[in-house]
Amino acid sequence: MKIEFISSSLAQLPTPALAVTGFEGSPASSGTAELLPPETRSLLEELKAGGELTGKALETTLLHRPPGLAAKKLLLVGAGKREKASRDLTRKLAGAVTRYLRARGLHELAWAVDGAGGAESIEAAVEGAILGDYDADRYRTEGNSERRIDRLVLATGGLAASAASLPSEAMRQAAERGRVIAEAQNFVRDLVNEPSNRMTPTYLAEQASQMAARFGLECRVLDAEEIRNRKLGALWAVAQGSEEPPKLIVIRYEPADLAEVRHASAATSSVIGLVGKGVTFDTGGISIKPAADMHEMKTDMAGGATMLGVMQAIAQLKPRVRVMALVPATENMPSGKAFKPGDVVTSMSGKTIVILNTDAEGRLVLADALTYAKELGATVLIDAATLTGAVTIALGNITTGVFGWNKEWVDKVLASAAATGERMWPLPVDDEYREQYKSMIADLANTGGRYGGAITAAMFVGEFAGDTPWVHLDIAGTRWSNEEKPYRAKGPTGHGVPTLVHLLMNLGS
Ligand code: BES
Ligand code: MN
Ligand code: ZN
2 MKIEFISSSL
12 AQLPTPALAV
22 TGFEGSPASS
32 GTAELLPPET
42 RSLLEELKAG
52 GELTGKALET
62 TLLHRPPGLA
72 AKKLLLVGAG
82 KREKASRDLT
92 RKLAGAVTRY
102 LRARGLHELA
112 WAVDGAGGAE
122 SIEAAVEGAI
132 LGDYDADRYR
142 TEGNSERRID
152 RLVLATGGLA
162 ASAASLPSEA
172 MRQAAERGRV
182 IAEAQNFVRD
192 LVNEPSNRMT
202 PTYLAEQASQ
212 MAARFGLECR
222 VLDAEEIRNR
232 KLGALWAVAQ
242 GSEEPPKLIV
252 IRYEPADLAE
262 VRHASAATSS
272 VIGLVGKGVT
282 FDTGGISIKP
292 AADMHEMKTD
302 MAGGATMLGV
312 MQAIAQLKPR
322 VRVMALVPAT
332 ENMPSGKAFK
342 PGDVVTSMSG
352 KTIVILNTDA
362 EGRLVLADAL
372 TYAKELGATV
382 LIDAATLTGA
392 VTIALGNITT
402 GVFGWNKEWV
412 DKVLASAAAT
422 GERMWPLPVD
432 DEYREQYKSM
442 IADLANTGGR
452 YGGAITAAMF
462 VGEFAGDTPW
472 VHLDIAGTRW
482 SNEEKPYRAK
492 GPTGHGVPTL
502 VHLLMNLGS
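For our numbering, count along the sequence shown from 1 and bump the result up by 1.
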């Protein structure tokens, strides 16, 4: 999607469709509807009086040949109650506008920029439009995939004085940030949506190295032999049942002004290790899953995809902090070579693990990837993983579970989530849960039973972070949306990218 600013007056803007917002109760005279010429607004007032226009959230009203405007169509989208205005809502409004117009064959739209919302609202609008323009329909040979919006005009002509209507540097940067983050999310969505017959560990590694090459990042992929030689025994145990060889993807980002970073505050001298679960298909292994929803397990590499998306974004936005991403990629398959319940494996850290359930494989691949990240110099660890069904019972598909012993870093992640409008919420970790995954046979057991399943899974992973500050995001629920929304297609979400990018961007400043 091409994004441009145009500062000619709203009335004279030559566009196939101009989109404006209006709040509930006064849809014709609030939001950006307020910026329209009197002639247009009086028609909107009429529609309001007739009860056709209410301004309720996501209500769409399309006018053809609107009076007083050069635009061929005017789309008014309801912004809901004024006191509920937020960055996330702006994102949804722009998404709804995009999906509404492209469904009617339009390829271009103009979005009236809100004076009140500032640069933040521009970022959100661009994000919303690009996210809204996405459909997970790559493999439909018949359908509407050609229905895309390919040009988004940010119309600043409604803003007060003529000088103020020229886009400021802050506005341009905000639009660029919105583009980069939303495109990174769409990249994640494409990866997550890819079926496992194509999305093998090898393919994921190829995608990662192509992305890295395109955006100037360093990428190294450990193959099966190196994984075995370096004694990543927990990752190896999961991988051994599959015909597809495992990969461990490592991507690094170094800020250009590294010398400056070294002399900066403690936060900026940290090396952030992002670790994402990359199970390209999770059958459960010998502890095999029921057939019913097993196809959903093609998404079990969403954590890894999220971290690749974050790297793609920061390569462009250039935070002043060193970052590495590690994605342990493997299938979890039953076979004559597969690991079995009762097996004892030795992780890279030296800790031994008794396997009680081969379906608790995520924590095993993360264990070794965290250990390896520390060996490579990570001083802060953040992992994202579709780790447990239990977290979806607790928080549904709306909210990501956040775990960690280090309150400072957990709070930083939660603050970034709040700032970007992503729903994330803390769940506890506590020594008392440890008993649940202790074993007589080995140092640890790979399951802690049904009760508090998301917590014991998180804590198991945390055992391998040791004293290194660590935050775990369980995205099993939020990776995927089961419902089609007016502003977002059903399917992969790209959830987590905005929060982590925000976090990294704010570390170096
Ligand atoms: N990949 C699954 C978790 C999952 C479930 C992700 C639903 C997305 C949607 C994970 O590997 C798993 O199987 N976890 C088990 C752990 C159990 C065996 C201790 C689970 O949650 O049932
Ligand atoms: Mn599993
Ligand atoms: Zn899994």
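C-beta atoms are modelled at their ideal positions from N, C-alpha and C, and glycine is treated no differently.
### Message
Threshold first: 4 residues or longer. Then list the alpha helix (DSSP H) segments lying entirely within the stretch 351-380, N to C.
### Response
363-376
### Query
Are the beta-carbon atoms belonging to A185 and V311 less than 8 Å from one another?
yes
### Whole-angstrom C-beta distance between L14 and A542, which should lie under 8 Å
Because the chain in this structure spans residues 2 to 510, residue 542 falls outside the shown range and cannot be described.
### Task
Output the boundary residues of the alpha helix (DSSP H) element that contains T494.
First-last for T494: undefined, no H or E at that position.
#### Entry: Residues bridged to N333 (per DSSP)
D283
### Query
In terms of residue numbering, what span does the beta strand (DSSP E) encompassing I273 cover?
V272 to G277
### Message
Within 8 Å, do at least three Cβ pairs link the stretch 303-319 to the stretch 399-417?
### Response
no
### Query
Is DSSP giving I383 helix, strand or coil here?
strand
### Query
Taking DSSP as the reference, what is the three-state secondary structure of Y438?
helix
#### Entry: Sub-8 Å separation of L382 and A466 beta-carbons
yes
### Task
With a 10 Å radius around its C-beta and 16 neighbouring C-beta atoms as the bar for buried, classify E195 as buried or exposed.
buried
#### Entry: Proximity test, D360 beta-carbon vs ligand 2 heavy atom, cut-off 7 Å
yes
### Task
Count the other CB atoms, across all protein chains shown, that sit within 10 Å of the CB of D384; report buried if there are 16 or more and exposed otherwise.
buried
### Query
DSSP on F6, reduced to helix/strand/coil?
strand
### Task
Can you check the stretch 192-274 for any alpha helix (DSSP H) of at least 4 residues that lies completely inside it and give the ranges in chain order?
202-215, 225-230, 234-240, 259-263 and 267-270
#### Entry: Proximal residues to A12 (C-beta, below 7 Å), its chain only, five neighbours per side dropped
P38, G69, L70 and A71
### Message
Between I252, L365 and E47, which has its C-alpha nearest T448's C-alpha?
### Response
L365
### Task
Consider the C-beta atom of N333 and the heavy atoms of ligand 2; say whether any pair is separated by less than 7 Å.
yes
### Task
Evaluate the contact criterion for the stretch 75-85 versus the stretch 38-57: three or more CB pairs, one atom per stretch, below 8 Å.
yes
### Task
Could you tell me whether the stretch 39-47 touches the stretch 126-146, where touching means 3 or more Cβ pairs closer than 8 Å?
no
### Query
Just to confirm, are F340 and V403 a CB contact at a threshold of 8 Å?
no
### Query
Quick one: Cα of E245 to Cα of T400, how far?
33 Å
### Task
May I ask you to report which of helix, strand or coil DSSP gives D512?
The chain is shown from 2 up to 510; residue 512 falls before or after that span and cannot be answered.
### Task
Measure the C-alpha to C-alpha separation of A326 and I150 and round it to an integer number of angstroms.
32 Å
### Task
Using DSSP bridges, identify the partner residues of W406.
Paired residue(s): none; W406 is not in a bridge.
### Query
With respect to 7 Å, is the separation between the Cβ of T448 and the closest non-hydrogen atom of ligand 1 below this value?
yes
### Query
Applying the criterion that 16 or more other CB atoms from any shown protein chain within 10 Å of the CB defines a buried residue, is H503 buried or exposed?
buried
### Message
Going by beta-carbon coordinates alone, are M334 and S243 separated by less than 8 Å?
### Response
yes
### E464 beta carbon less than 8 Å from that of L513
Residue 513 is absent from the structure shown; the chain starts at 2 and stops at 510.
### Query
Just to check, is the beta-carbon of L388 closer than 7 Å to a non-hydrogen atom of ligand 1?
yes
### Message
Let me make sure I understand the geometry here. Which of E207, G343, L309 and P202 has the alpha-carbon closest to that of D283?
### Response
P202
### Message
Using CA atoms only, rank isn't needed, just tell me which of G390, E128 and L59 is closest to L511.
### Response
Outside the displayed span of the chain (2 to 510) sits residue 511, for which this structure offers no information.
### Query
Under 7 Å from any heavy atom of ligand 3, does the C-beta of G363 make it?
yes
### Query
What first and last residue would you give for the alpha helix (DSSP H) that runs through D115?
Unbroken run through D115: none, as it is neither H nor E.
### Task
Write down the C-beta distance between P329 and G285 rounded to the nearest angstrom, noting that I regard them as a contact closer than 8 Å.
With 8 Å as the limit, P329 and G285 do not qualify as a contact, their Cβ atoms being about 18 Å apart.
### Whether T331 touches P342 by CB criterion (8 Å)
no
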